[in-house]
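Working notes, structure below.
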Amino acid sequence: MREETKEKIIKALEIAKTIVHWGFIPAILYLGFTRSHPKPSLISMPSSMPSGVSSCMPPSMPWLLSSLMPSRY
Amino acid sequence: MAGLGEKVSTNTTPSTSKSWNFSSLFNGITEYRKKLDLPNPGTFEGLHREVKATFLTNHLFDGGRADLTKVLSPNFQVTHSFSMGSTVNAPTYNFGAAFIGTKAFLHGTIDTDGTLTARTNYAWNANNLTKIQAHISSSPGHSMLQLEQDYQGSDYSINYKTINPWPVENTGIFFLSYIQSVTQKLALGVETVYQKPTSDIEECTQSLVAKYTGKDYIATLQWQEAGALQASYYQKLNEKVDFGTELQLIVAAGRREALCTVGGKFDFRAATFRGQVDTSGRASVVVEQKITPAFSFLITGDIEHMKSTSRFGVGFQLDA
Numbered sequence: 009m010r011e012e013t014k015e016k017i018i019k020a021l022e023i024a025k026t027i028v029h030w031g032f033i034p035a036i037l038y039l040g041f042t043r044s045h046p047k048p049s050l051i052s053m054p055s056s057m058p059s060g061v062s063s064c065m066p067p068s069m070p071w072l073l074s075s076l077m078p079s080r081y
Numbered sequence: 268m269a270g271l272g273e274k275v276s277t278n279t280t281p282s283t284s285k286s287w288n289f290s291s292l293f294n295g296i297t298e299y300r301k302k303l304d305l306p307n308p309g310t311f312e313g314l315h316r317e318v319k320a321t322f323l324t325n326h327l328f329d330g331g332r333a334d335l336t337k338v339l340s341p342n343f344q345v346t347h348s349f350s351m352g353s354t355v356n357a358p359t360y361n362f363g364a365a366f367i368g369t370k371a372f373l374h375g376t377i378d379t380d381g382t383l384t385a386r387t388n389y390a391w392n393a394n395n396l397t398k399i400q401a402h403i404s405s406s407p408g409h410s411m412l413q414l415e416q417d418y419q420g421s422d423y424s425i426n427y428k429t430i431n432p433w434p435v436e437n438t439g440i441f442f443l444s445y446i447q448s449v450t451q452k453l454a455l456g457v458e459t460v461y462q463k464p465t466s467d468i469e470e471c472t473q474s475l476v477a478k479y480t481g482k483d484y485i486a487t488l489q490w491q492e493a494g495a496l497q498a499s500y501y502q503k504l505n506e507k508v509d510f511g512t513e514l515q516l517i518v519a520a521g522r523r524e525a526l527c528t529v530g531g532k533f534d535f536r537a538a539t540f541r542g543q544v545d546t547s548g549r550a551s552v553v554v555e556q557k558i559t560p561a562f563s564f565l566i567t568g569d570i571e572h573m574k575s576t577s578r579f580g581v582g583f584q585l586d587a
C-alpha cells in the first residue's frame with residue numbers, strides 16, 4: 009500500500025473517531041427524544057415541586073424526604 | 268432444505284445405495300440433528316455467566332458513590348453517577364444514556380475526563396447479532412474498538428470477535444469460537460485466538476470447553492493451550508439463593524498458580540446480599556438494601572488478609 013493512501017486512511021479514521029467521541033451521546037439523546045414511545049417531553053423534566061431533587065424521586069419518596077427535612081416543605 | 272433433499276433423492280434413485288453423495292449425506296445429518304431437538308448451548312462468552320453473576324466483580328467499589336437513573340420513557344433512560352473518595356480511582360462524574368429500539372440497542376457513557384464508552388448492538392434477525400464496542404479516550408493509546416458478530420443456530424453458536432483491527436498493517440486480536448450441543452445437557456466448544464499486536468509478532472492459541480447443564484446446576488470446564496485450566500460450578504439452591512464456585516489453574520512457563528473462589532448470592536424481600544471468599548485470603552461483601560422500590564442503599568467491603576489491605580464503599584441508587 010502506498011504511503012499517501014495509508015496517511016489518508018489514518019486521517020479519515022481520526023476524523024471518524026472524533027465524530028463518534030463527541031457525537032455518540034448526543035445521537036442517543038436525539039434518538040431517545042424523537043423515537044421513544046411514549047415521547048418524553050422536555051417540559052415535564054423540571055418538577056413543579058419547590059426542590060429540584062423531587063423530579064427524580066419516586067412517588068413514595070417525598071414522605072421520606074419531608075420526614076428528613078421538614079423545614080423545606 | 269427439504270426441496271433440495273427430494274431433488275437429490277430422485278436423482279439418485281436409479282443407482283441405489285452406491286451413489287450417496289455429499290449433499291444427501293449433509294441432508295441426512297441435518298434431518299438427524301433436527302430429530303434430536305438439541306437446545307442452543309448459549310454463547311461462548313456467556314459460558315461462565317451464571318457463576319460470574321454470583322461473584323462481586325461488577326458490584327465492588329470503594330469510597331462513596333451515587334447513581335441516579337432517570338427513566339424518560341420505557342426504552343430510553345439517562346444515568347448520572349458520581350464517585351469519590353476511592354483509593355484507586357480519581358473522583359469522577361459519569362453521564363450515561365441508553366436507548367433500546369426494536370432492533371438496535373445503544374448505550375454510551377462519558378466522564379469528566381472526556382472518555383467515551385460506547386456500545387451498540389444491532390439484531391439483523393433472530394439469529395444474527397452485531398455488536399460494536401468502543402472506548403475512546405483523549406489520551407492517545409487508550410482507545411479501543413471491538414467488533415463482534417454473533418450467530419446462534421438451533422443447537423450451536425458461532426461468534427467472531429476482533430479487537431483493534433488495523434487492516435493497513437494487518438494487526439489486531441481475532442477470536443473465533445464455536446459451541447455445539449452434543450446431548451440435551453452437554454455442550455462442547457472450541458475457540459481460537461489469533462493475536463498480532465505488531466506486524467512481526469503473531470501468536471495463535473486454542474481453547475476447548477465443555478458445559479454440562481443440569482436441572483438446577485451448571486458445570487463448565489475450559490482448557491487453554493497456553494496451560495490454563497478453569498473449572499466452574501453453579502448451583503441454584505432455591506428461588507432466592509445461588510452459589511457459584513470457580514477454580515483456576517495456571518501451569519505455564521515456570522508459573523504454577525491456583526485460585527479457588529466461592530461466591531453466594533442471597534435475595535431477600537428488600538435486600539440483596541453477595542459474599543465471596545477465595546484462597547488468596549480475600550473476602551468481600553456487597554449488601555444492597557432497598558429502602559423504597561426506587562431507592563437502594565449499598566455497602567461494600569473487601570479485605571485481603573494476605574496483603575493486609577481493605578477497602579470499603581458506601582453508595583446509593585435512585586431510580587425515577
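Here the protein sequences come in this chain order: W and Z.
Read in our numbering, the first sequence has 30 at position 22, and its numbers run on one by one without any break.
Read in our numbering, the second sequence has 485 at position 218, and its numbers run on one by one without any break.
Just so you know, even glycine gets a beta-carbon here, dropped at the ideal spot from N, CA and C.
Three-pair Cβ contact test at 8 Å for the segment 422-431 of chain Z versus the segment 40-48 of chain W: no
Could you check the C-alpha separation between GLU15 (chain W) and VAL435 (chain Z) for me, to the nearest Å? 10 Å
Hey, does LYS47 (chain W) have any beta-carbon neighbour from chain Z nearer than 8 Å? yes
Would a C-beta distance cut-off of 8 Å place GLY542 (chain Z) and GLY531 (chain Z) closer than the cut-off? yes
Secondary structure at ASN307 (chain Z), three-state DSSP: helix, strand or coil? coil
Based on the DSSP output, what are the partners of PHE540 (chain Z) in its beta bridges? Z:PHE533, Z:VAL554
For TYR427 (chain Z), the residue or residues it bridges with in DSSP: Z:GLN416, Z:LEU443
Interface residues of chain Z around ARG43 (chain W) at Cβ under 9 Å? ASN342, PHE343, PHE366, GLY368
Expressed to the nearest angstrom, what Euclidean distance is found between the alpha-carbon atoms of GLN497 (chain Z) and LEU314 (chain Z)? 11 Å
Could you give the C-beta distance for ALA454 (chain Z) and GLY494 (chain Z), rounded to a whole number, given that I count them as a contact under 8 Å? That pair is no contact at about 24 Å.
Please check if any C-beta of chain Z sits within less than 8 Å of the C-beta of LYS19 (chain W). no
List, in order along the chain, the chain W residues whose C-beta lies closer than 8 Å to that of MET385 (chain Z)? Per the sequence shown, the amino acid found at residue 385 (chain Z) is Ala instead of Met. Those within 8 Å of ALA385 (chain Z) in chain W are VAL28, PHE32.
How about THR384 (chain Z) and THR376 (chain Z): are their beta carbons less than 8 Å apart? yes
How far does the alpha helix (DSSP H) with PHE41 (chain W) in it extend, from its first residue to its last? 11-43
With DSSP run on the structure shown, which of helix, strand or coil describes GLY313 (chain Z)? helix
Keeping to the same chain, check which residues put their C-beta closer than 7 Å to that of THR465 (chain Z); ignore five residues upstream and five downstream. THR438
Can you tell me which of the three DSSP states GLU298 (chain Z) falls into? helix
Going along the chain, which residues of its own chain have a beta-carbon closer than 6 Å to the beta-carbon of LEU373 (chain Z), five neighbours each way excluded? PHE366, THR387
Members of the segment 369-381 of chain Z that neighbour chain W once the beta carbon cut-off is set at 9 Å: ALA371, LEU373, HIS374, GLY375, THR376, ILE377, GLY381
For ILE36 (chain W), return the contacting residues in chain A, with the cut-off set at a CB-CB distance below 8 Å. Looking at the structure shown, chain A is missing, and the protein chains on hand are W and Z.
Locate the beta strand (DSSP E) running through TRP490 (chain Z), then write down its first and last residues. 484-491
LYS463 (chain Z) beta carbon less than 8 Å from that of PHE442 (chain Z): no
Going by other Cβ atoms of all chains shown within 10 Å of its Cβ, with 16 needed for buried, is SER55 (chain W) buried or exposed? Confidence at SER55 (chain W) is low in this model, with a pLDDT of 44, below 50, so its placement is unreliable and no value can be given for it.
Under 8 Å (Cβ pairs) to chain W, residues found in the segment 477-494 of chain Z: none
Looking only at its own chain, which residues have a Cβ that is under 8 Å from the Cβ of THR546 (chain Z), when we skip the five neighbours before and after it? ALA525, LEU526, CYS527, THR528
Under the three-state reduction of DSSP, which class applies to ALA320 (chain Z): helix, strand or coil? helix
With burial defined as no fewer than 16 other Cβ atoms inside 10 Å of the residue's Cβ, what is the status of ILE403 (chain Z): buried or exposed? buried
8 Å Cβ cut-off: residues of chain Z touching LYS25 (chain W): ILE403, SER410
Listed in chain order, which residues of the segment 424-441 of chain Z have Cβ atoms closer than 8 Å to some Cβ of chain W? VAL435
Taking the alpha-carbon of LEU37 (chain W) as reference, which of Z:ILE566, Z:PHE579, Z:ASN342, Z:LYS452 has the nearest alpha-carbon? Z:ASN342
Against LYS14 (chain W), what residues of chain Z qualify as contacts under a CB-to-CB distance less than 8 Å, listed in chain order? VAL435
Comparing alpha-carbon positions, which option in Z:LYS370, Z:LEU339, Z:LEU335, Z:PHE322 lies nearest PHE362 (chain Z)? Z:LEU335
Using the Cα positions of GLN413 (chain Z) and GLY352 (chain Z), report the straight-line distance between them to the nearest angstrom. 32 Å
In chain W, which residues lie with their C-beta within 9 Å of the C-beta of LEU455 (chain Z)? Those within 9 Å of LEU455 (chain Z) in chain W number zero; the least Cβ separation is about 38 Å.
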